[in-house]
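Here the structure is laid out as structure tokens; the discussion comes afterwards.
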Amino acid sequence: MTNRPKKEAASEASRPSKEELINAVNAATNPEETGVFLGPSADGSEDFMDNEDEVLRVSRSSETRDAESREPATWLPRASLPDPEPEPGWSFRWLRVKVGAQNDLTNVSGRLREGWIVVRPEEQPTIARTLVNGGKGQDSIIIGDSMLAKIPTATVKAREEYYRKQRVAQNAGMSANLLRIQDARMPMLRPSVVSTQSKSPTR
Numbered sequence: 007m008t009n010r011p012k013k014e015a016a017s018e019a020s021r022p023s024k025e026e027l028i029n030a031v032n033a034a035t036n037p038e039e040t041g042v043f044l045g046p047s048a049d050g051s052e053d054f055m056d057n058e059d060e061v062l063r064v065s066r067s068s069e070t071r072d073a074e075s076r077e078p079a080t081w082l083p084r085a086s087l088p089d090p091e092p093e094p095g096w097s098f099r100w101l102r103v104k105v106g107a108q109n110d111l112t113n114v115s116g117r118l119r120e121g122w123i124v125v126r127p128e129e130q131p132t133i134a135r136t137l138v139n140g141g142k143g144q145d146s147i148i149i150g151d152s153m154l155a156k157i158p159t160a161t162v163k164a165r166e167e168y169y170r171k172q173r174v175a176q177n178a179g180m181s182a183n184l185l186r187i188q189d190a191r192m193p194m195l196r197p198s199v200v201s202t203q204s205k206s207p208t209r
């Protein structure tokens, strides 16, 4: 009888047994999903996986599924300025308070005269949690170069109506000037006055 090489014998001795492999798979996976079963079968016999490579493959695929299930499904970049929680009767806007390294006091003062009110951290707790110390000790919400402010929605509508009338009057004046300077030999068509709603500045 020929003795096997010592290296081959040592390699087989270091390999885990079939029962150890199956026990490891059953501890990490669901038997119903992998088909591995150690208990008695319907006829009273024991049912094992015969292929050790198949057991290892099932174990690796189970670990891969576990890793994939822990990964986030989606990811979105953070917004530079968060949206405040809606408040009935109020409109919100981020006001510019800095231009580069200089405070823009002129813009802030003008907005306050228009009726804008500085929002305090306790009025918007969701945003306040993102501030240093949760906004404690602060009397405003400032992120970057912008400060959160609010104004009654009725004031916003009144302001829009005021500027709408200004645009209509301006267009009417321009039309009157064109009709006054027209030449009878080349009359101008009477232009129609069309008012367009311009977007208000973001800041």
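Sequential numbering of the sequence shown, starting at 7, is according to this note's numbering.
We treat Cβ as the ideally placed atom computed from N, Cα and C, and that holds for glycine.
**Prompt:** Taking Cβ positions, are residue 88 and residue 149 nearer each other than 9 Å?
**Reply:** Counting from 1 along the sequence shown, the entry for residue 88 is found at position 82. Counting from 1 along the sequence shown, the entry for residue 149 is found at position 143. Going by C-beta atoms, residue 88 is nearer than 9 Å to residue 149.
**Request:** Kindly list the residues whose CB is nearer than 7 Å to the CB of residue 159, restricted to its own chain and excluding five residues on each side of it in sequence; keep chain order.
**Result:** The residue you call residue 159 lines up with position 153 of the sequence shown. Around residue 159: 95, 96, 97.
**Prompt:** Where residue 110 and residue 153 are concerned, what is the direct C-alpha to C-alpha distance, given to the nearest angstrom?
**Reply:** On the sequence shown, position 104 is the one that residue 110 refers to. On the sequence shown, position 147 is the one that residue 153 refers to. In a straight line, the C-alpha of residue 110 is about 11 Å away from that of residue 153.
**Request:** Just the C-alpha distance for residue 188 and residue 163, rounded to the nearest angstrom, thanks.
**Result:** If you number the sequence shown from 1, residue 188 lands on position 182. If you number the sequence shown from 1, residue 163 lands on position 157. Cα to Cα, residue 188 sits roughly 38 Å from residue 163.
**Asked** Around the Cβ of residue 99, are there at least 16 other Cβ atoms within 10 angstroms (buried) or fewer (exposed)?
**Response** As a first step, residue 99 must be located in the sequence shown, where it is residue number 93. Per the 10 Å Cβ criterion, buried.
**Request:** Counting only the same chain and skipping the five closest in sequence on each side, list residues whose C-beta sits under 8 Å from that of residue 139.
**Result:** Against the sequence shown, residue 139 aligns to sequence position 133. The answer is none, since no qualifying residue turns up.
**Prompt:** Looking only at C-alpha atoms, which of 26, 104, 118, 92 sits nearest to residue 151?
**Reply:** Working through the sequence shown from its first residue, we reach residue 151 at position 145. It is 104.
**Request:** Can you tell me the Cβ-Cβ gap for residue 165 and residue 145, rounded? I've got them flagged as a contact below 8 Å.
**Result:** In the sequence shown, the residue the question calls residue 165 occupies position 159. In the sequence shown, the residue the question calls residue 145 occupies position 139. Actually they do not touch by this definition, with Cβ atoms about 26 Å apart.
**Message:** I need the DSSP call for residue 191, collapsed to helix, strand or coil.
**Reply:** Counted from its first residue, the sequence shown places residue 191 at position 185. Residue 191 falls in the coil class under three-state DSSP.
**Request:** Would you mind sorting residue 28 into buried or exposed? The rule is 16 or more other CB atoms within 10 Å of its CB.
**Result:** As a position in the sequence shown, residue 28 is number 22, starting the count at 1. It is buried - the Cβ of residue 28 has at least 16 other Cβ atoms within 10 Å.
**Message:** In whole angstroms, give me the CA-to-CA distance for residue 107 and residue 101.
**Reply:** Stepping through the sequence shown from its first residue, residue 107 is reached at position 101. Stepping through the sequence shown from its first residue, residue 101 is reached at position 95. Roughly 16 Å separates the two Cα atoms.
**Prompt:** In three-state DSSP terms, what is residue 135?
**Reply:** Along the sequence shown, read from residue 1 onward, the residue named residue 135 stands at position 129. Three-state result, residue 135: coil.
**Request:** From the DSSP output, read off the bridge partner residues of residue 97.
**Result:** Residue mapping note: residue 97 aligns to position 91 of the sequence shown, counting from 1. Bridge partners of residue 97 according to DSSP: 157.
**Asked** Since residue 105 sits in a beta bridge, which residues does DSSP pair it with?
**Response** Sequence index remark: in the sequence shown, residue 105 carries index 99 (1-based). DSSP lists 108 as partners of residue 105.
**Buried or exposed (CB count within 10 angstroms, at least 16 for buried), residue 176** = The residue given as residue 176 occupies position 170 in the sequence shown. With fewer than 16 Cβ atoms within 10 Å of its Cβ, residue 176 is classed as exposed.
**Request:** Starting from residue 152, follow its DSSP beta bridges and name the residues at the other end.
**Result:** For the purposes of this step, residue 152 is taken as residue 146 along the sequence shown, with counting starting at 1. Beta-bridge pairing links residue 152 to 102, 149.
**Request:** Alpha carbon to alpha carbon, how far is residue 130 from residue 182? Give it in angstroms, no decimals.
**Result:** Counting from 1 along the sequence shown, the entry for residue 182 is found at position 176. Counting from 1 along the sequence shown, the entry for residue 130 is found at position 124. Roughly 50 Å between the two C-alpha positions.
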